[in-house]
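Novice:
Protein chains in written order, with our numbering: chain A, 18 to 388; chain B, 18 to 388.
(1) Just to confirm, is the Cβ distance from residue 325 of chain B to residue 309 of chain B under 9 Å?
(2) If you measure from the beta carbon of residue 165 of chain A to each beta carbon in chain B, is any gap under 9 Å?
(3) Check the Cβ of residue 31 of chain B against every Cβ in chain A and list those closer than 9 Å, keeping chain order.
(4) For residue 49 of chain A, go through chain B and note every residue whose CB falls closer than 7 Å to its CB, in chain order.
(5) Below 8 Å, can you find three or more Cβ-Cβ pairs linking the stretch 373-384 of chain B to the stretch 194-201 of chain B?
(6) Please confirm if the stretch 149-169 of chain B is in contact with the stretch 109-128 of chain B, defined as three or more CB-CB distances below 8 Å between the two stretches.
(7) Would you report the Cα separation of residue 89 of chain A and residue 49 of chain A, rounded to the nearest angstrom?
(8) Quick one: grab the DSSP three-state call for residue 337 of chain A.
(9) How would you write the range of the alpha helix (DSSP H) that residue 162 of chain B sits in, first residue to last?
(10) Quick one: is residue 135 of chain B near chain D, going by C-beta distance under 9 Å?
(11) Indicate the three-state DSSP secondary structure (helix, strand or coil) for residue 330 of chain A in the structure shown.
(12) Does any residue of chain B bring its CB to less than 9 Å from the CB of residue 21 of chain A?
(13) Give me, in chain order, the residues of the same chain whose beta-carbon lies closer than 7 Å to that of residue 36 of chain B; leave out the 5 immediate sequence neighbours on both sides.
(14) Under a three-way DSSP split, which group does residue 94 of chain B fall into?
(15) Tell me which residue opens and which closes the alpha helix (DSSP H) that residue 303 of chain A is part of.
(16) Can you find a C-beta in chain B that's less than 9 Å from the C-beta of residue 377 of chain A?
(17) If I'm right that residue 188 of chain A touches residue 263 of chain A with Cβ under 8 Å, what's the distance once you round it to whole angstroms?
(18) Whose CA, out of B:126, B:145, B:132, B:242, lies closest to the CA of residue 414 of chain B?
(19) Could you tell me the alpha carbon to alpha carbon distance between residue 127 of chain A and residue 302 of chain B, rounded to whole angstroms?
(20) For residue 254 of chain A, report the span of its beta strand (DSSP E) as first-last.
(21) Buried or exposed for residue 239 of chain B, going by 16 or more other Cβ atoms inside 10 Å?
(22) The alpha helix (DSSP H) spanning residue 288 of chain A covers which residue range?
(23) Any beta carbon from chain A within less than 9 Å of residue 126 of chain B's own beta carbon?
(24) Tell me which residues of the stretch 321-349 of chain A have at least one Cβ-Cβ distance to chain B shorter than 8 Å, keeping chain order.
(25) Using only the alpha-carbon positions, how far apart do residue 172 of chain A and residue 379 of chain A sit?
(26) Which of the residues in the stretch 281-310 of chain B, read from start to end, lie with their CB under 9 Å from any CB of chain A?
(27) For a contact meaning CB atoms closer than 8 Å, what does residue 97 of chain B contact in chain A?
(28) With DSSP as the reference, label residue 223 of chain B as helix, strand or coil.
(29) Contact between the stretch 200-219 of chain A and the stretch 141-148 of chain A: three or more CB pairs below 8 Å?
(30) Nearest-angstrom Cα distance between residue 29 of chain A and residue 129 of chain A?
(31) Just the chain A side, please: which residues come within less than 7 Å of residue 91 of chain B by C-beta, in chain order?
(32) Distance, Cα to Cα, residue 41 of chain A vs residue 320 of chain A?
(33) Suppose contacts are defined by Cβ-Cβ distances below 9 Å. Is residue 277 of chain A in contact with residue 314 of chain A by that definition?
(34) Shortest alpha-carbon distance to residue 181 of chain B belongs to which of B:164, B:202, B:169?
(35) Chain A beta carbons: is any one of them nearer than 9 Å to that of residue 94 of chain B?
(36) How about residue 250 of chain B and residue 72 of chain B: do their beta carbons lie closer than 9 Å?
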């Protein structure tokens, strides 16, 4: 293998594929990135066996191709090596199957390679049909839900994706809060889909997607899902099991509906949460009184804080409810609107956040009982 | 006590004085910041008993003064509280000696105060004479030496400052490297000075000083040193003991004098150090061969790197020497020049860095024997 390439061209693709390399990986060959130089261009592949990312750089974006070939280069140090190269063009030259020289100007790295025959064969074929989504829409949907994924509980550590006709629904919950987003697809999809994508891998996909109008092809298989985005193939295994039916947890009738300015409400929680720092999840108290929401917290020995905002409300009955300020702020960040509806029943029933006249995004937060 | 003040005015001074509050402090009263509102203005004081910082905001920079007084406000949360205040003006109102309300708009913090009678009396009087230095010069001198201070060894964890006539000399060493800077003062100082300032406190002083031409008064006492900079008094105790006489360690005659472009040399070390990451202090090898410096390192199983730069040299004899790339890069960062002189004798004698025709800044690095 021998080729020369622009430093930033290869660096960007190495950053993309190396997202598949896990720090917890214990299979030596999967610490490597597969370089396949063919007549049409350079393929880069990295995998942790659960997640595989493959990127392609066509020949017209490669400075010069002198000899095709396959090598597995250890990913450790590789990004730094390319980043710090002193000139714009970086040269790769295989000495034999087990050694590669990466050089430019007076800088020369002589790296041991892994045996390319050891690299697993990973099936990355298209499905017969697929879903199309704009990159920016998919990225937004991920950001509006992924934060609510559980860090530890089985199945809840994944993002639940359902497709029914032309509606795609994403749900994430850690059982204390829930985020749900529905997107209308341009075309209906033939099969009914109800899958769980590992949350960790969804976060990596989010980093690869740009906030642009480019199309993402989504290929759903029985045990895996593949995203094709420009020159990148991103494929992850699915979690095996049935996601709880969350729709029954989400109330649709409310006794108290409060309309608040989103930024004012966010700022008020942010300030009220300051003295709640020492407690788990930073619990604050919210009181609905006359035309005000009064947010408060206290820290023993330090003092207390009370922050008020003016709101509109549908009912005269006052109420008081406590919840995690962190969860409330996470949820509020997913809305772009000026106003937010805070829907409640009693101090022990879920709080539902949504905007007026739009049910496509719902955030649920369970209150916390304080005595 | 009752006053109103611009949020950023008080925030900046609170940031300055809170640098004296130690996270390791175990005396409850010293977790507080002393607010003294007098007819001439507001004094803020914080101390960890070793370091004291006092700041003054004159009355004309205070929005309104309604009632003078003294309170000790717990520093924990205080900066965040002020930072997050929703309006430009923040109001302070003491309820009694043990409670203060900080409020603006609809946000109200009710904080417990500490007993002001418990706050220690700290002498912050001027000395009869003092040294004057421009803030930018003092700041530069600190940055050129402080990084070499030891993190653990007694006395070497301080910055050695000597004054002799109109020459001020700063030395820091951790016994593996040494940084020495000599500054010419505008006026000679009457007494001979040879003191050790705790390194940790010098770093805090550095953060308070701006890179400007404002004057810093330096008052040297037997057991403490005081810096007066604009509205700030910064006073720290000195370390008690005798700093080793370092001048005998610094060679002045060299067999090998290499002249290199500073940026090229720095970049070359940065690249050569990449594969040395796993080893303590990132040892790299430097060979002087013909008109080149060849820097190299290797990581077992990964590979090796060799990086070359063209240099000028005073002698034909080749040599090879190994050292910590981190220490060399730290030292190189202190020079502003285009060229750097790398002065050496043998592979076990100190390397001295300096610029041509200027001995005011010297960086010493001990080589590391590799076999």
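For glycine and all other residues, C-beta sits at the position ideal for the given N, C-alpha and C.
Specialist: Concretely, from the data shown:
(1) By one-based count along the second chain, residue 325 of chain B stands at place 308. By one-based count along the second chain, residue 309 of chain B stands at place 292. Pairing residue 325 of chain B with residue 309 of chain B gives a Cβ-Cβ distance under 9 Å.
(2) The residue you call residue 165 of chain A lines up with position 148 of the first chain. For residue 165 of chain A, the answer is no, since every Cβ of chain B falls outside 9 Å of its Cβ.
(3) Taking the first residue of the second chain as 1, we reach residue 31 of chain B at position 14. Here the premise fails: no neighbours, minimum Cβ distance about 15 Å.
(4) Taking the first residue of the first chain as 1, we reach residue 49 of chain A at position 32. Here the premise fails: no neighbours, minimum Cβ distance about 11 Å.
(5) Counting C-beta pairs closer than 8 Å gives three or more between the stretch 373-384 of chain B and the stretch 194-201 of chain B, which meets the contact rule.
(6) No contact exists between the stretch 149-169 of chain B and the stretch 109-128 of chain B.
(7) The residue labelled residue 89 of chain A in the question sits at position 72 within the first chain. The residue labelled residue 49 of chain A in the question sits at position 32 within the first chain. If I take the Cα positions, the gap works out to 5 Å.
(8) Position 320 of the first chain, counted from the first residue, corresponds to residue 337 of chain A. Looking at residue 337 of chain A - three-state DSSP - the assignment turns out to be strand.
(9) Walking along the second chain from the start, residue 162 of chain B turns up at place 145. Membership of residue 162 of chain B in the alpha helix (DSSP H) is indicated by the continuous run 152-162.
(10) Checking the listed chains, one finds no chain D in this structure; the protein chains it contains are A and B.
(11) Translated into the one-based positions of the first chain, residue 330 of chain A becomes position 313. Looking at residue 330 of chain A - three-state DSSP - the assignment turns out to be strand.
(12) On the first chain, position 4 is the one that residue 21 of chain A refers to. False, the Cβ-Cβ gap to chain B never drops below 9 Å.
(13) Taking the first residue of the second chain as position 1, residue 36 of chain B is located at position 19. Around residue 36 of chain B: 70, 221, 224, 225.
(14) The residue you call residue 94 of chain B lines up with position 77 of the second chain. Note: residue 94 of chain B maps to coil in three-state DSSP.
(15) Position 286 of the first chain, counting from 1, holds the residue named residue 303 of chain A. Residue 303 of chain A: not part of any alpha helix (DSSP H); member of the beta strand (DSSP E) spanning 300-306, first to last residue.
(16) The sequence position of residue 377 of chain A within the first chain is 360, counting from 1. For residue 377 of chain A, no CB of chain B lies under 9 Å from its own CB, so it is not counted at the interface with that chain.
(17) If you number the first chain from 1, residue 188 of chain A lands on position 171. If you number the first chain from 1, residue 263 of chain A lands on position 246. In this structure residue 188 of chain A touches residue 263 of chain A by the C-beta definition: roughly 5 Å separates them, less than 8 Å.
(18) For residue 414 of chain B there is no data in the structure shown, the boundaries of chain B being 18 and 388.
(19) Along the first chain, read from residue 1 onward, the residue named residue 127 of chain A stands at position 110. Along the second chain, read from residue 1 onward, the residue named residue 302 of chain B stands at position 285. Rounded to whole angstroms, residue 127 of chain A to residue 302 of chain B spans 16 Å at the Cα level.
(20) By 1-based counting over the first chain, the position of residue 254 of chain A is 237. Per DSSP, residue 254 of chain A belongs to the beta strand (DSSP E) from 249-254.
(21) Reading the second chain from its first residue, position 222 is the one you call residue 239 of chain B. Answer is exposed; the Cβ neighbour count stays below 16.
(22) If you number the first chain from 1, residue 288 of chain A lands on position 271. 279-289 is the extent of the alpha helix (DSSP H) around residue 288 of chain A.
(23) Here the question's residue 126 of chain B lines up with position 109 in the second chain. Residue 126 of chain B counts as touching chain A.
(24) Taking 8 Å as the upper bound on Cβ-Cβ separation, chain B lies near residues 321, 322, 323, 324, 325, 326 of the stretch 321-349 of chain A.
(25) Translated into positions along the first chain, residue 172 of chain A becomes position 155. Translated into positions along the first chain, residue 379 of chain A becomes position 362. The C-alpha of residue 379 of chain A is placed about 21 Å away from the C-alpha of residue 172 of chain A.
(26) The residues in question are 281, 284, 285, 287, 288, 289, 291, 292, 294, 309.
(27) Counting from one through the second chain, the residue named residue 97 of chain B turns up at place 80. In chain order: 291.
(28) Looking up residue 223 of chain B in the second chain gives position 206. Residue 223 of chain B falls in the helix class under three-state DSSP.
(29) Result yes; three or more Cβ-Cβ pairs closer than 8 Å.
(30) The residue you call residue 29 of chain A lines up with position 12 of the first chain. The residue you call residue 129 of chain A lines up with position 112 of the first chain. Straight across, the Cα-Cα distance linking residue 29 of chain A with residue 129 of chain A is about 23 Å.
(31) In the second chain, the residue the question calls residue 91 of chain B occupies position 74. Near residue 91 of chain B (Cβ distances below 7 Å), the residues of chain A are 319.
(32) Counted from its first residue, the first chain places residue 41 of chain A at position 24. Counted from its first residue, the first chain places residue 320 of chain A at position 303. The alpha-carbon separation between residue 41 of chain A and residue 320 of chain A amounts to approximately 44 Å.
(33) Taking the first residue of the first chain as position 1, residue 277 of chain A is located at position 260. Taking the first residue of the first chain as position 1, residue 314 of chain A is located at position 297. No, Cβ-Cβ distance for residue 277 of chain A and residue 314 of chain A is not below 9 Å.
(34) Working through the second chain from its first residue, we reach residue 181 of chain B at position 164. Out of B:164, B:202, B:169, B:202 has the C-alpha closest to the C-alpha of residue 181 of chain B.
(35) On the second chain, residue 94 of chain B is found 77 positions in, with the first residue counted as 1. Answer yes: the Cβ-Cβ gap between residue 94 of chain B and chain A drops below 9 Å somewhere.
(36) Residue mapping note: residue 250 of chain B aligns to position 233 of the second chain, counting from 1. Residue mapping note: residue 72 of chain B aligns to position 55 of the second chain, counting from 1. Contact annotation: residue 250 of chain B and residue 72 of chain B have beta-carbon atoms nearer than 9 Å.
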